[in-house]
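End of the sequence shown = 242 in this note's numbering, gap-free, step of one.
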Amino acid sequence: MIKIMIVEDEVGLVTLLKYNLEKQGYETNVVMDGKDVMREALLEKPDLILLDWMLPNVQGIDLCREIRKTYELRNTPLIMLTARGDEADKVRGLSYGADDYMTKPFSVPELMARIVALLRRSQPVSTQENLSFADITMDFSKRRVTRGDRHVHLGPTEFRLLQFLMEKPGHVLSRESLLKSVWGGAIHVELRTVDVHIRRLRRALNEGGEADIIRTVRSAGYALEVSSDEPAEEYED
């Protein structure tokens, strides 16, 4: 059974989330104090975390960053829940490691749809056992990415972004096509979200000092470079 950790200190919202999640067949685990989150997450190993930004003792945004730095949890899908609706706050949450972001008050059906989409992204399916481009290899049986001899740690959203880019090397993929393929067309996600996750993907791929192979095409999208002097082919899905 899929286990979802609810990290939230509003009793009414906890009750609402717990009821709807369990109605959909998920197992839930509730944590209401920020200081207990890491211990419970390491103990329970949830399949997905719903994390409130404002918590007693330790802020959710700080927990998000700590989760992404913890080896056992770094690939766990995470949705940030918050009343902070400013674009700068959304970008900050995504930059710190959140895979998705929902502003309170939110639609429960939309949250459920986002959970399904994120869980699907965390278990990518491919007809191939692996994909390779330049010195990067994606092994789907092990859900492992390597660049040269280095293991590249990616969250579920970055994994799916890389997969989509590597399935169409040399094509310019628009932000709209990336949203549709990675997040799903039924869920509204801002285009800026794609930029934030591409930035995270770049950082992970290049942290060993390697050359950047993701090309930003102004006003068009992104592409994996075929060569420095060969323009990428524009592609719309």
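Glycine is no exception: its CB is placed at the ideal position from the N, C-alpha and C atoms.
In this text, all values refer to a predicted model and were calculated from it rather than measured experimentally.
query = Should residue 179 go down as buried or exposed, given a rule of 16 or more other Cβ atoms within 10 Å for buried?
reply = Around the CB of residue 179, 16 or more other CB atoms lie within 10 Å, so the residue is classed as buried.
message = Just to confirm before moving on: does the CB-CB distance between residue 78 and residue 9 stay below 7 Å?
response = Not closer than 7 Å, so no.
inquiry  = Just to confirm the assignment, what range does the beta strand (DSSP E) spanning residue 143 have?
reply    = Taken as a continuous stretch (DSSP letters only), the beta strand (DSSP E) holding residue 143 covers 141-144.
request  = Could you name the residues of the same chain whose beta carbon sits closer than 6 Å to that of residue 65, not counting the 5 residues immediately before and after it, in chain order?
outcome  = Taken in chain order, the residues that qualify are 56, 57, 58.
ask   = Near residue 124, what residues of its chain come up, given a Cβ to Cβ distance below 8 Å and the 5 sequence neighbours on each side ignored?
value = Within the same chain, Cβ atoms closer than 8 Å to the Cβ of residue 124 are found at 7, 52, 53, 82, the five residues on either side in sequence being excluded.
ask   = Alpha carbon to alpha carbon, how far is residue 112 from residue 19?
value = Going by the C-alpha atoms only, they are around 14 Å apart.
key: Contact the segment 35-43 vs the segment 114-123: 3+ CB pairs below 8 Å   = By the criterion of at least three beta-carbon pairs nearer than 8 Å, the segment 35-43 is not in contact with the segment 114-123.
inquiry  = Under DSSP, the beta strand (DSSP E) around residue 5 begins and ends at which residues?
reply    = This structure leaves residue 5 out entirely; the chain is present only between 6 and 242.
query = Based on the DSSP secondary-structure assignment, which residues constitute the bridge partners of residue 179?
reply = Residue 179 pairs with 226.
request  = Enumerate in chain order the residues of its own chain whose CB-to-CB distance from residue 27 is below 8 Å, with the five nearest sequence positions on each side excluded.
outcome  = Close CB contacts of residue 27 within its chain, under the 8 Å cut and outside five residues either way in sequence, are with 33 (chain order).
request  = Check whether the Cβ atoms of residue 102 and residue 85 lie closer than 7 Å to each other.
outcome  = Taking 7 Å as the Cβ cut-off, residue 102 and residue 85 do not qualify as a contacting pair.
Inter-residue Cα distance where the pair is residue 72 and residue 174 = C-alpha separation (whole angstroms): 32 Å.
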